[in-house]
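In the working numbering, the protein residues as written are 59 to 435.
Ideal Cβ placement from N, Cα and C applies to all residues, glycine included.
If you're wondering where the values come from, they're calculated on a predicted model, not measured in any experiment.
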C-alpha cells in the first residue's frame with residue numbers, strides 16, 4: 059500500500075517535541091537526538107518505504123518541503139487562512155480563533171491555529187474527519203493534490219506546468235477542501251506547513267551520522283561512506299559514515315559509479331600496514347541500481363601476497379533483481395591471469411549482519427557463510 063501521511067506526521071511531531079523542549083538542548087545533543095529519532099522511524103517503516111507501491115522519494119521530499127523549488131503554490135498565510143475558513147465552513151467564533159496567528163502567542167504560526175480550531179470543532183460538532191479517514195490519506199495523494207495546484211501557477215517550473223492535462227483545470231479551493239476535510243487536526247497542521255514550505259522549528263536532517271552496522275535503512279536514503287586514510291584498515295568498517303538523503307530531482311548521470319581506475323586509489327590501505335584480513339565492503343543503499351561495465355581488480359594483497367576473495371551481495375527476497383544482477387556479473391567474463399574463469403561468490407547481504415555479530419564477540423549457532431550462500435558466477 060502507499061505510504062500513509064500520518065506516519066510522516068508522527069515523525070514531524072516527535073521532532074517538534076524535541077525542538078520545543080522545555081530545557082533547550084545543546085546543538086550537539088539536539089543533532090544526536092534528531093538522528094536517533096529519524097533512524098528509529100526509518101527502521102520502523104523500512105518495509106513500507108521499500109514497497110513497490112510507495113514513492114519513497116516523495117516521502118523524503120515531503121519531509122523537506124523547502125527543496126520543492128520547482129513548485130510554486132501561490133499561497134501565503136493570508137490567502138490560505140481564507141481558504142481554510144471557507145472549506146471548513148468555520149463560524150464567526152472559530153474564524154476569530156483562526157486569525158490569532160496574526161498576533162498574540164501564536165504570531166506567525168497559522169498551522170498551530172488550524173490545529174486548535176479543528177480540535178475545538180471536533181469536540182463540539184464531531185463533523186470533521188475521524189481517525190480512520192485521516193489514516194487513509196497517503197503521502198502520494200497529498201503530493202498529487204499539491205502538484206495540481208502548482209501545475210497551474212505560472213511561476214512553477216516548465217516541467218511542473220506541463221503536467222496540466224489538456225484543458226482540465228483544478229480549483230485551488232476545491233482541491234484543498236478535499237484534503238482538509240479528510241484530515242484530523244494534527245495532520246491538517248502539517249499539511250498547512252507543507253503548503254507554506256516551512257516546517258519550522260523542525261528541521262529534517264540533510265545528513266545522518268550512523269555506524270556501519272545500520273543495515274536496516276530503506277532504499278530511499280543513499281549511503282556514502284567516508285574513510286580517513288589515517289584510520290587503520292581493521293578499524294575502518296566500524297568508523298563513522300555519512301548518509302545523504304535521496305532527491306527526486308537528481309539525474310541518472312550523477313549516480314554513475316566512480317571509474318574503477320580512480321576508485322582503487324582512494325580505497326587502498328595505507329603503506330606499512332601488514333594486516334591482511336577478509337574485508338567486506340557493503341553495497342550502497344541506493345534507489346537506483348548501478349553496475350560496472352568493466353572491472354579492474356587486484357588479485358593479491360600488496361603486503362601479504364594473499365589472494366583477494368571476491369564477493370557479491372544481493373537481496374535474496376528480490377529474486378528477479380538478484381538473478382539479473384548475477385547475469386550482469388557473469389557477462390563481464392572475468393578471467394584470471396592464466397585466462398581461467400574467475401568465480402565471484404554471491405551471498406545474501408545479511409551476511410554483513412552476521413559478520414557484525416561475530417565481530418562483537420557473539421557466538422552464532424549456525425554457519426553464516428553457509429546460511430547466506432546464494433551461488434557463484
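(request) May I ask which residues mark the beginning and end of the alpha helix (DSSP H) holding residue 248? (result) Annotation for residue 248: the continuous alpha helix (DSSP H) segment containing it runs 243-253.
(request) Can you tell me which of the three DSSP states residue 405 falls into? (result) Strand, per DSSP.
(request) Determine the contact status of residue 435 and residue 402, defining contact as a CB-CB distance below 7 Å. (result) A contact, by the Cβ cut-off of 7 Å.
(request) Given a cut-off of 7 Å, decide if residue 63 and residue 196 are closer than it, judged by their beta-carbon atoms. (result) At a Cβ-Cβ threshold of 7 Å, residue 196 and residue 63 count as neighbours.
(request) Measure the Cβ-Cβ separation of residue 222 and residue 209 and say whether it is below 7 Å. (result) Between residue 222 and residue 209, the C-beta gap is smaller than 7 Å, which places the two residues in contact.
(message) On the CB-based measure, 16 or more other CB atoms within 10 Å of its CB, does residue 236 come out buried or exposed?
(response) Burial call: exposed.
(request) Confirm, please, whether the CB-CB distance from residue 107 to residue 276 is below 7 Å. (result) Yes, Cβ-Cβ distance for residue 276 and residue 107 is below 7 Å.
(request) With residue 133 as the anchor, note down where its alpha helix (DSSP H) starts and where it stops. (result) Counting along the chain, residue 133 falls outside any alpha helix (DSSP H), and DSSP gives it neither H nor E.
(message) Our contact map puts residue 255 next to residue 169 with C-beta atoms below 8 Å; I'd like the distance itself, whole angstroms only.
(response) Contact flag wrong, Cβ pair sits at about 12 Å.
(request) Pull up the distance between the alpha-carbon of residue 424 and that of residue 119, whole angstroms please. (result) Near 42 Å, if we compare the C-alpha coordinates of residue 119 and residue 424.
(request) With a threshold of 16 other CB atoms inside 10 Å of the CB of residue 117, please say whether the residue is buried or exposed. (result) The residue is buried, with at least 16 neighbouring Cβ atoms inside 10 Å.
(message) Please report the straight-line C-alpha distance between residue 238 and residue 376, rounded to a whole angstrom.
(response) Residue 238 and residue 376: Cα-Cα distance of roughly 38 Å.
(request) Tell me whether residue 339 is buried or exposed, calling it buried when 16 or more other Cβ atoms sit within 10 Å of its Cβ. (result) Any reading at residue 339 is ruled out, since the residue's pLDDT is 38, under 50, leaving its predicted position unreliable.
(message) Between the alpha carbons of residue 409 and residue 94, how many angstroms are there, rounded?
(response) CA-CA distance, residue 409 to residue 94, rounds to 25 Å.
(request) Counting only the same chain and skipping the five closest in sequence on each side, list residues whose C-beta sits under 6 Å from that of residue 109. (result) Within its own chain, no residue has a Cβ closer than 6 Å to the Cβ of residue 109 once the five positions on either side in sequence are excluded.
(message) Can you give me the C-alpha to C-alpha distance between residue 213 and residue 129, rounded to a whole angstrom?
(response) One alpha carbon belongs to residue 213, the other to residue 129, and they sit about 8 Å apart.
(message) So, with DSSP's three-state summary, where would you put residue 120?
(response) If DSSP states are grouped into helix, strand and coil, residue 120 belongs with the helices.
(request) Run the CB neighbour count on residue 347, radius 10 Å, all protein chains shown included, and call it buried at 16 or more, exposed below. (result) Interpretation of residue 347 is limited by its pLDDT of 40, a score under 50 that renders its predicted location unreliable; no figure is taken from the coordinates.
(request) Would you list the one or two residues that DSSP bridges to residue 62? (result) Beta-bridge pairing links residue 62 to 196.
(request) State the Cα-Cα distance for the pair residue 74 and residue 249, rounded to the nearest angstrom. (result) Each residue's Cα considered, the two are about 15 Å apart.
(message) Less than 7 Å between the beta carbons of residue 133 and residue 257, yes or no?
(response) No.
(message) What residue range does the alpha helix (DSSP H) around residue 427 cover?
(response) Run containing residue 427: 426-429, per the alpha helix (DSSP H) assignment.
(message) Spatial neighbours of residue 202 within its chain, please: C-beta separation below 6 Å, excluding the five flanking residues on both sides.
(response) Within the same chain, residue 202 has no close Cβ partners at all.
(request) Would you mind giving the Cβ-Cβ distance between residue 173 and residue 244, rounded to the nearest angstrom? I have them listed as a contact below 8 Å. (result) Under the criterion of beta carbons closer than 8 Å, residue 173 and residue 244 qualify as touching, at roughly 6 Å.
(message) Along the chain, where does the alpha helix (DSSP H) containing residue 109 start, and where does it finish?
(response) Taken as a continuous stretch (DSSP letters only), residue 109 belongs to no alpha helix (DSSP H), as it is neither H nor E.
(request) Report all residues from its chain with a CB closer than 6 Å to the CB of residue 433; omit the five preceding and five following residues, and keep chain order. (result) 404, listed in sequence order.
(request) Report yes if the CB atom of residue 260 is closer than 7 Å to the CB atom of residue 65, and no otherwise. (result) The beta carbons of residue 260 and residue 65 sit no closer together than 7 Å.
(request) Select from 407, 194, 390 and 72 the residue whose C-alpha is nearest the C-alpha of residue 428. (result) If we check each option's Cα against that of residue 428, 407 comes out closest.
(message) Between the alpha carbons of residue 421 and residue 411, how many angstroms are there, rounded?
(response) Each residue's alpha carbon lies about 13 Å from the other.
(request) Tell whether a beta-carbon distance below 7 Å holds between residue 171 and residue 156. (result) It is a contact, given that the beta carbons lie within the stated cut-off.
(request) State the Cα-Cα distance for the pair residue 137 and residue 127, rounded to the nearest angstrom. (result) Residue 137 and residue 127: Cα-Cα distance of roughly 20 Å.
(request) Compute the beta-carbon to beta-carbon distance between residue 97 and residue 266, rounded to the nearest angstrom, for a pair I have assumed lies under 8 Å. (result) Between residue 97 and residue 266 a beta carbon distance of about 7 Å is seen, short of the 8 Å cut, so the two are scored as contacting.
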